[in-house]
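*Asks:* For what it's worth, the UniProt record's numbering labels the leading residue of the sequence shown as 1, then goes sequentially. Ideal Cβ positions, reconstructed from N, Cα and C, are used throughout, including at glycine. The structure displayed is predicted, hence computed values, not measured ones.
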Amino acid sequence: MPALSVSYTRLAQVYDRFMADAPYEEWVRFAESEWMQFQLTPKKVMDLACGTGSISVLLAKRGYQVTGIDLSEEMLTIAEEKGRGEGVRLQLYQQDMVELRSPEPMDSIICFCDSLNYITDPQAVFQTFEGVYRSLKPGGVFLFDVHSLYKIKDLFADQSFHWIEDDLVYVWDCQAEEENLVTHFLTFFAREGELYRRFEETHLQRGYSEQQLRTWLEEVGFANIHCHADLTNMPPVPTSERLFFSCQRPM
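1) Tell me which residue opens and which closes the alpha helix (DSSP H) that P82 is part of.
2) Looking at A49 and I78, is the spacing between their C-beta atoms short of 8 Å?
3) Give the secondary structure of V6 by DSSP, where H, G and I count as helix, E and B as strand, and everything else as coil.
4) Residue range of the alpha helix (DSSP H) that residue 271 falls in?
5) Do V146 and L116 come within 8 Å of each other at the CB atom, strictly closer than that value?
6) Contact defined as beta carbons within less than 8 Å: I believe V45 pairs with S108. What is the distance between those atoms, to the nearest angstrom?
7) Count the CB pairs spanning the stretch 170–184 and the stretch 213–231 that are closer than 8 Å, and state whether there are at least three.
8) Just to confirm my understanding: we take E210, look at its own chain, exclude 5 residues before and 5 after, and list those with CB closer than 7 Å. What are they?
9) Could you tell me the alpha carbon to alpha carbon distance between S56 and T67, rounded to whole angstroms?
10) How far does the alpha helix (DSSP H) with V98 in it extend, from its first residue to its last?
11) For E73 and V220, what's the separation of their Cα atoms in angstroms?
12) Helix or strand or just coil, what does DSSP make of T197?
13) Comparing alpha-carbon positions, which option in A176, V171, S148 lies nearest D158?
14) Of the choices I164, I152, F126, whose alpha-carbon is the least far from that of S240?
15) To which residues of the same chain is M234 closer than 7 Å at the C-beta, ignoring the five residues directly before and after it?
16) Taking the alpha-carbon of M75 as reference, which of L92, D121, E99 has the nearest alpha-carbon?
17) Thinking C-beta only, is K43 closer than 8 Å to Y64?
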């Protein structure tokens, strides 16, 4: 099974509406706060698994030189259009983040929106961390978030969500599989003229413990590893839904 089993081929067409309530500005503020804590003023920032480029564009508008990496060609096409519409230029590359090859050393690499949870092979997560480490300049900072085990096991498992508008409907069913693994079944109905076109996507996500992620980061060589919960400065608690990590490649 590929480490990253979803390319968002059709979802790319409606992704920004699907994610309309995502706190992108808060993710950017978190990144800038963490850079300040590390006394880092980055110029070159990589947005790993950048999707349609919402965070990339926000960073570029703040003056950062942004490189976006994503597996989905369709997502990158939208990211390019979005950047052009906002008057910013993004360097965009289609790559699997498990096999990351940075075009140049980066001051910081971010990977938000629980993108790492889509890597369901633990060894591939470790390999991704190795690629990030190689791609950072000495002193560079890696920031990422993941769904917590609590969210994967207790909040997602066997739940159903839906969203309805005049021209778009989606149904999102979650099914618990083996331990720490959840399958998301997404069904969309998109209006085309007087008819609705149906398409489906299936996504897998695996949860990883804070300690396991820390161990892999340490084994790769990262230092100054910190973990916060839910876009706060507080450490995780058993009911935290999202874990935010920051770490540094030593000088």
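*Replies:* Working from what's here:
1) First, the amino acid is wrong: residue 82 is Lys here, not Pro. Per DSSP, the unbroken alpha helix (DSSP H) holding K82 starts and ends at 73–85.
2) No.
3) For V6, the predicted structure reports a pLDDT of 42, less than 50, and the residue's modelled location is therefore unreliable. A value from the coordinates is still provided. Correct three-state label for V6: coil.
4) In the structure displayed, the chain extends from 1 to 251; residue 271 sits before or after that span and is not available.
5) Taking 8 Å as the cut-off, the beta carbon of L116 is found closer than this to the beta carbon of V146.
6) With a Cβ gap of about 5 Å, V45 and S108 count as contacting.
7) Taking 8 Å as the limit for Cβ pairs, the verdict is that the stretch 213–231 does not touch the stretch 170–184.
8) Closer than 7 Å at Cβ, skipping near neighbours: C227, P236, L243.
9) The alpha-carbon separation between S56 and T67 amounts to approximately 8 Å.
10) Here V98 belongs to no alpha helix (DSSP H), and DSSP marks it neither H nor E.
11) Cα to Cα, the separation comes out at about 29 Å.
12) Inspection of the sequence shows that residue 197 is occupied by Arg rather than by Thr. In the displayed model, R197 falls within a strand according to three-state DSSP.
13) For D158, the nearest C-alpha among the options comes from A176.
14) Among I164, I152, F126, the Cα nearest to that of S240 is on I152.
15) If we look at M234 and ignore the five residues flanking it on each side, its Cβ neighbours are H228.
16) Cα-wise, what sits closest to M75 is L92.
17) Contact: yes.
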